[in-house]
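Colleague:
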Amino acid sequence: MLIAIVLLFSLNAVCYAGDQGDAFVSVSIGDARTLIPILASDSSSAEICGLIFNGLLKYDKDIKLTGDLAESWDVLDAGLTIVFHLRRGVKWHDGREFTSRDVEFTYNKLVDPKVKTPYSGDFEKVAELEAVDDHTVRVRYKEPFSPGLSSWGMWIMPEHLLKNEDLDISDFSRRPVGTGPYKFKRWLTQDRIELEANSEYFEGRPFIDRYVYRVIPDTATIFLELQMENIDSAGLTPLQYRRQTDSGFFRSRFSKYNLPSFGFTYLGYNLNNDLFKDVRVRQALDYAVDKNEIIKIVLLGLGRPATGPFAPESWAYNKEVLARHFDPAMSKKLLAEAGWHDSDNDGWLDKGGRVFEFTIITNQGNEQRIRVAEIIQRRLEPLGVKVKLKVIEWSVLLAEYIDKRDFDAVLLGWSLGREPDIFDIWHSSKTREGEFNFIGYKNAEVDRLLNEARREFDIDKRKGYYHKAHKMIYDDQPYMFLYVPDSLQALHKRFRGVEAAPLGIGWNFIKWWVPLSEQKYRMKQ
Amino acid sequence: MIAYILRRLLHMIPLLLGITVISFAVIHLAPGKPTTMTEAMNPKFSPEVRQKLERLYGLDKPLHIQYVDWFKRVAKLDFGRSFLDSRPVMDKIKERVGITLAINILAICLILAAALPIGISSAVRQNTLYDKFFTVFVFVGFAMPSFWLALALMDFFGVKMHWFPISGLKSLNFEYLSWPGKLIDMSSHLVLPVFVSAFGGLAGMSRYMRQNMIRELKMPYIYTARAKGLPEKVVIYKHAMKNALLPVVTILGLSVPGLLGGSVILESVFGIPGLGKLFFEAVMSRDYPLIMAELVITSILTLLGNMLADISYACVDPRIRYKKI
Chain A
0 MLIAIVLLFS
10 LNAVCYAGDQ
20 GDAFVSVSIG
30 DARTLIPILA
40 SDSSSAEICG
50 LIFNGLLKYD
60 KDIKLTGDLA
70 ESWDVLDAGL
80 TIVFHLRRGV
90 KWHDGREFTS
100 RDVEFTYNKL
110 VDPKVKTPYS
120 GDFEKVAELE
130 AVDDHTVRVR
140 YKEPFSPGLS
150 SWGMWIMPEH
160 LLKNEDLDIS
170 DFSRRPVGTG
180 PYKFKRWLTQ
190 DRIELEANSE
200 YFEGRPFIDR
210 YVYRVIPDTA
220 TIFLELQMEN
230 IDSAGLTPLQ
240 YRRQTDSGFF
250 RSRFSKYNLP
260 SFGFTYLGYN
270 LNNDLFKDVR
280 VRQALDYAVD
290 KNEIIKIVLL
300 GLGRPATGPF
310 APESWAYNKE
320 VLARHFDPAM
330 SKKLLAEAGW
340 HDSDNDGWLD
350 KGGRVFEFTI
360 ITNQGNEQRI
370 RVAEIIQRRL
380 EPLGVKVKLK
390 VIEWSVLLAE
400 YIDKRDFDAV
410 LLGWSLGREP
420 DIFDIWHSSK
430 TREGEFNFIG
440 YKNAEVDRLL
450 NEARREFDID
460 KRKGYYHKAH
470 KMIYDDQPYM
480 FLYVPDSLQA
490 LHKRFRGVEA
500 APLGIGWNFI
510 KWWVPLSEQK
520 YRMKQ
Chain B
0 MIAYILRRLL
10 HMIPLLLGIT
20 VISFAVIHLA
30 PGKPTTMTEA
40 MNPKFSPEVR
50 QKLERLYGLD
60 KPLHIQYVDW
70 FKRVAKLDFG
80 RSFLDSRPVM
90 DKIKERVGIT
100 LAINILAICL
110 ILAAALPIGI
120 SSAVRQNTLY
130 DKFFTVFVFV
140 GFAMPSFWLA
150 LALMDFFGVK
160 MHWFPISGLK
170 SLNFEYLSWP
180 GKLIDMSSHL
190 VLPVFVSAFG
200 GLAGMSRYMR
210 QNMIRELKMP
220 YIYTARAKGL
230 PEKVVIYKHA
240 MKNALLPVVT
250 ILGLSVPGLL
260 GGSVILESVF
270 GIPGLGKLFF
280 EAVMSRDYPL
290 IMAELVITSI
300 LTLLGNMLAD
310 ISYACVDPRI
320 RYKKI
């Protein structure tokens with residue numbers, strides 16, 4: 000019996016053991032800028048930093064905060080104090096031990112006015128940080144601030160290597176040393192960054208030996224390289240997902256993944272414009288545009304209608320808020336109620352001598368958005384609403400139109416973080432120049448809910464606030480919420496252990512492995 | 000001659016100064032700031048953070064002070080640090096200049112090697128079927144969008160035939176290759192980009208050569224040479240071609256600044272870390288120090304290129320001499 004049990008266990012071990020070796024070749028259209036974590040604000044730098052460094056906290060596969068360098072944490076004094084208990088025995092890639100002094104050092108650099116970090120805003124509400132002992136850090140806040148918890152996902156930097164360095168000119172930015180699952184190996188500018196597995200990683204050595212991050216600025220070339228199997232994973236456009244990868248060769252070599260993205264596309268109205276001040280008008284426009292039609296035409300069906308300011312995978316998303324169905328008759332009725340009639344029979348609605356006419360602006364270089372704007376224009380025309388389109392270069396759009404509030408309606412998208420705090424986009428105090436409530440949305444009750452949610456650490460209570468805010472914002476229609484596109488990805492089939500989850504497919508990358516017989520790249524020692 | 004060169008060099012100084020003043024003003028007056036561009040539409044980056052970054056970059060000072068600061072640094076040959084990654088601008092240019100130069104020089108060699116024979120033979124066989132075929136051929140190359148040609152070649156020679164790699168400069172196993180292996184690897188990566196780069200330029204040069212040759216062949220000295228009974232080959236290749244080549248020297252001189260320009264499209268499609276892409280990104284992200292460095296370098300090269308063309312022209316053409324007036 001004993002022998003049978005031992006055999007069973009060993010068999011189990013064989014089944015679940017991954018083979019070590021091989022390389023994973025990923026791709027991006029842009030190179031990283033710096034590998035100093037607190038200066039890295041672009042997505043390429045962030046992707047590499049995420050493999051080399053750790054934060055105190057991270058998100059698990061279900062987008063819930065969990066410990067990373069911190070084993071656990073306590074929220075005390077009604078949210079005014081957070082105490083982090085750090086993991087013991089974690090080593091930097093150069094062999095030195097990680098301690099609370101590294102956390103203290105990173106924090107001090109984050110709030111140093113001479114350091115060019117864009118992340119200092121996250122730590123403005125911190126009153127004081129104290130390294131109690133080698134493995135305990137106490138953070139005191141000026142006021143309870145629950146979104147602040149996620150900001151401790153900020154990657155921690157090694158004090159012993161950086162204390163005498165000027166971060167702006169430090170070599171560390173191109174030769175980083177972290178605590179993460181991969182160690183930095185080499186960086187060929189605009190060509191590739193190579194990392195190698197950290198055999199002493201505290202969560203266990205990654206099975207994949209080498210991580211290669213290639214830079215190919217052209218998406219068509221990326222797709223050709225994918226077909227040549229020179230890269231192992233790449234994002235796909237809806238057209239590539241539906242049609243161009245629909246071949247026997249591609250199906251035999253690649254798996255395709257399709258998950259809701261953390262972002263949505265919207266038509267934002269300038270609420271200071273008289274045209275959009277009546278909520279009935281905004282709702283009427285919402286009824287008049289068929290979101291499913293847009294998804295079918297522009298995304299080839301790979302998306303879902305958006306109903307509010309949160310990502311569908313987030314716990315803050317209120318599933319009970321349902322998208323308005325396409326109903327032009329209702330639209331006409333609401334517009335008439337709001338006083339818009341075609342009084343001079345010229346085909347366009349008017350009120351007090353003013354024709355219902357506005358311009359949608361969007362950024363150059365995004366074909367999807369231009370097509371969406373055209374569909375909206377076509378749908379509003381039969382109602383008697385005249386829409387003009389203007390496509391503007393990105394920097395000019397921001398500087399001359401958004402920042403100066405010089406627009407009627409703007410077609411853009413938000414890419415959302417994992418922390419659902421939407422204060423900066425929806426709170427009425429965030430309407431100054433350069434701030435993100437540029438449409439001028441003001442709702443006292445939404446303000447209250449967002450404030451309360453920021454002070455609350457209990458996730459169920461926060462959820463309650465956000466669900467209410469979600470419904471109110473959707474009812475108010477300051478944006479016409481259009482769609483949440485799917486995040487489409489191809490991954491080579493030789494990788495095993497891949498599990499799609501709300502966070503994405505890469506959440507357990509260090510557990511991915513390739514059977515020896517299928518390994519493609521050999522690393523010479 | 001030396002006095003002429005010195006005079007030309009001295010004239011360049013005020014010209015360069017003017018170029019930098021105008022460029023600096025135009026770049027800084029264009030809508031969008033580096034801080035807006037890098038952190039655009041990211042709610043994490045509050046206006047306060049942006050203001051802090053602007054202060055640290057020195058963008059809060061009046062424009063003329065910024066120019067004086069910049070000029071003082073450049074006078075010491077320090078072009079400053081890039082706003083994007085804080086690396087010295089010259090380091091960024093230096094690590095990319097080699098490959099852009101290499102591709103452009105190889106492409107020019109290829110263009111000359113193909114365009115001169117095509118131009119000369121077309122001129123000799125003017126208005127024949129042969130001439131018409133090459134006229135169509137080179138103009139197809141001229142009209143064809145380079146990104147389309149690049150993708151078509153990548154699809155055929157890369158994806159279908161597996162003859163050439165289609166992007167980047169080195170294979171993933173490059174470091175494990177022998178010295179000759181490395182050379183072959185890099186060369187095979189360069190075949191398609193150099194070919195595409197040369198193909199577009201073929202039309203201009205071959206048409207130019209053809210026109211020069213036709214003009215020379217109508218000159219009285221050619222009739223004299225033929226009347227003397229010289230063989231046709233000698234007439235064409237020794238007498239006519241020598242003179243027809245003179246204007247080509249000017250074109251080569253003028254192409255010197257272009258050598259460094261790089262091509263955004265070509266470098267993007269082939270994933271080549273060259274200067275074209277670097278400068279394009281600098282402009283799009285309003286990386287002022289990098290844009291200014293590029294403008295200064297290109298201006299100097301353009302002025303030097305012009306001068307070089309004039310001097311070499313004087314050297315090869317005895318009709319042109321620089322004398323004090």
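For the record, the sequence lines run as chains A and B. Position 35 of the first sequence, counted from 1, bears residue number 34 in numbering that gives the first Met the number 0, the numbering being contiguous throughout. Position 316 of the second sequence, counted from 1, bears residue number 315 in numbering that gives the first Met the number 0, the numbering being contiguous throughout. The C-beta atom is built at its ideal place from N, Cα and C for all residues, glycine as well.
Find out if the Cβ-Cβ distance for the pair residue 290(A), residue 304(A) is shorter than 8 Å.
Modeller: Yes, they are a contact pair.
Colleague: Check each candidate in 485(A), 507(A), 521(A) and name the one with the smallest Cα separation from residue 575(A).
Modeller: Past the edges of chain A, shown from 0 to 524, lies residue 575(A), and the structure says nothing about it.
Colleague: Please give me, in chain order, every unbroken run of the beta strand (DSSP E) with length at least 3 that falls completely inside the stretch 66–116 of chain A.
Modeller: Fully enclosed beta strand (DSSP E) runs of 3 or longer: 69–75, 80–85.
Colleague: Using the beta-carbon count (16 or more within 10 Å), is residue 44(A) buried or exposed?
Modeller: The residue in question, residue 44(A), is buried, as its Cβ has 16 or more Cβ neighbours within 10 Å.
Colleague: Could you pull the DSSP bridge partners for residue 195(A) from this structure?
Modeller: For residue 195(A), which the question treats as bridged, DSSP gives the partners 182(A), 209(A).
Colleague: Can you tell me which of 126(B), 275(B), 31(B) puts its alpha carbon nearest to the alpha carbon of residue 58(B)?
Modeller: It is 31(B) whose Cα lies nearest to the Cα of residue 58(B).
Colleague: With 8 Å as the limit, tell me which residues of the stretch 423–449 of chain A have their beta carbon closer than that to any beta carbon of chain B; keep them in chain order.
Modeller: Listed by position along the chain: 423, 424, 431, 432, 433, 434, 435.
Colleague: Alpha carbon to alpha carbon, how far is residue 27(A) from residue 220(A)? Give it in angstroms, no decimals.
Modeller: Near 11 Å, if we compare the C-alpha coordinates of residue 27(A) and residue 220(A).
Colleague: Given a threshold of 16 other Cβ atoms within 10 Å of its Cβ, counted over all protein chains shown, does residue 160(B) qualify as buried or as exposed?
Modeller: Looking at its Cβ environment, which holds fewer than 16 other Cβ atoms inside 10 Å, residue 160(B) is exposed.
Colleague: Taking residue 124(B) as part of the alpha helix (DSSP H), name the residues at either end of that continuous run.
Modeller: It is not in any alpha helix (DSSP H) - residue 124(B) carries neither H nor E in the DSSP assignment.
Colleague: For the ligand NAD, any of its heavy atoms closer than 7 Å to the Cβ of residue 98(B)?
Modeller: Within the structure as shown, the ligand NAD is missing, as the structure has no ligands at all.
Colleague: If you pair each beta-carbon of the stretch 151–167 of chain A with each one of the stretch 33–40 of chain A, do three or more pairs fall below 8 Å?
Modeller: The stretch 151–167 of chain A, when compared against the stretch 33–40 of chain A, does touch it at the 8 Å Cβ threshold.
Colleague: Taking just the CA atoms, how far does residue 2(B) sit from residue 75(B)?
Modeller: Rounded to whole angstroms, residue 75(B) to residue 2(B) spans 27 Å at the Cα level.
Colleague: Is the Cβ of residue 215(A) closer than 8 Å to any Cβ of chain B?
Modeller: At least one chain B Cβ lies under 8 Å of residue 215(A).
Colleague: Please confirm whether residue 361(A) has its beta-carbon closer than 8 Å to some beta-carbon of chain B.
Modeller: False, the Cβ-Cβ gap to chain B never drops below 8 Å.
Colleague: If you draw a straight line from the alpha carbon of residue 144(B) to that of residue 138(B), how long is it in whole angstroms?
Modeller: For residue 144(B) and residue 138(B), the distance between alpha carbons rounds to 12 Å.
Colleague: By alpha-carbon positions, which one of 482(A), 446(A), 473(A), 57(A) ends up nearest to residue 411(A)?
Modeller: The candidate whose alpha carbon is nearest that of residue 411(A) is 482(A).
Colleague: Mind checking if residue 236(A) is an interface residue toward chain B, Cβ cutoff 8 Å exclusive?
Modeller: Judged by the 8 Å Cβ criterion, residue 236(A) is not in contact with chain B.
Colleague: For residue 204(B), collect the residues of the same chain with a Cβ closer than 6 Å to its Cβ; drop the 5 residues on either side in sequence, then sort them by chain order.
Modeller: 110, 114, listed in sequence order.
Colleague: What would DSSP say about residue 474(A), mapped onto helix, strand or coil?
Modeller: In this structure, residue 474(A) counts as helix in the three-state DSSP scheme.
Colleague: Pull up the CB-CB distance for residue 401(A) and residue 437(A), whole angstroms please, since I reckon it's below 8 Å.
Modeller: Sure, about 5 Å apart at Cβ, within 8 Å.
Colleague: What distance in whole Å lies between the Cβ atoms of residue 110(A) and residue 119(A), which are believed to be in contact at a cut-off of 8 Å?
Modeller: The Cβ separation is near 6 Å, so the contact holds.
Colleague: Given a threshold of 16 other Cβ atoms within 10 Å of its Cβ, counted over all protein chains shown, does residue 72(A) qualify as buried or as exposed?
Modeller: Under this definition residue 72(A) is a buried residue.
Colleague: Give me the chain B residues within the contact set of residue 405(A), using Cβ-Cβ distance strictly less than 9 Å, ordered along the chain.
Modeller: Per Cβ cutoff of 9 Å: no residues; residue 405(A) is ~12 Å from chain B at best.
Colleague: Taking DSSP as the reference, what is the three-state secondary structure of residue 226(A)?
Modeller: Helix.
Colleague: Going by CA-CA distance only, name the one from 389(A), 441(A), 321(A), 61(A) that's closest to residue 417(A).
Modeller: With distances taken between Cα atoms, residue 417(A) lies closest to 61(A).
Colleague: Residue 172(A) CB to nearest chain B CB: under 8 Å?
Modeller: At least one chain B Cβ lies under 8 Å of residue 172(A).
Colleague: Using beta carbons (cut-off 8 Å, strictly below), is residue 540(A) in contact with chain B?
Modeller: The structure shown does not extend to residue 540(A), since chain A spans only 0 to 524, so no value can be given for it.
Colleague: Kindly provide the ranges of any alpha helix (DSSP H) runs that are 4 or more residues long and lie completely inside the stretch 416–464 of chain A, ordered along the chain.
Modeller: Within the stretch 416–464 of chain A, the complete alpha helix (DSSP H) runs of at least 4 residues are 422–425, 443–454.
Colleague: If you compare alpha carbons, which of 139(A), 414(A), 476(A) is closest to residue 311(A)?
Modeller: Ranking the options by Cα distance to residue 311(A), first place goes to 414(A).
Colleague: Restricting to Cα atoms, I'd like to know which of 82(B), 93(B), 132(B) is closest to residue 115(A).
Modeller: The residue with the shortest Cα to Cα distance from residue 115(A) is 82(B).
Colleague: I'd like to know whether the C-beta atoms of residue 55(A) and residue 83(A) end up nearer to each other than 8 Å.
Modeller: Cβ distance < 8 Å, so residue 55(A) and residue 83(A) count as in contact.
Colleague: Step through the CB atoms of chain A and report whether any lies within less than 8 Å of the CB of residue 107(B).
Modeller: Not an interface residue.
Colleague: Could you please give the first and the last residue of the uninterrupted alpha helix (DSSP H) stretch that includes residue 413(A)?
Modeller: Where residue 413(A) is concerned, there is no enclosing alpha helix (DSSP H), although the beta strand (DSSP E) it sits in stretches over 408–414.
Colleague: Looking only at DSSP bridge pairs, what is residue 135(A) linked to?
Modeller: Residue 135(A) pairs with 84(A), 132(A).
Colleague: With 8 Å as the threshold, decide whether the Cβ of residue 306(B) is near any Cβ in chain A.
Modeller: Cβ-Cβ to chain A under 8 Å: no for residue 306(B).
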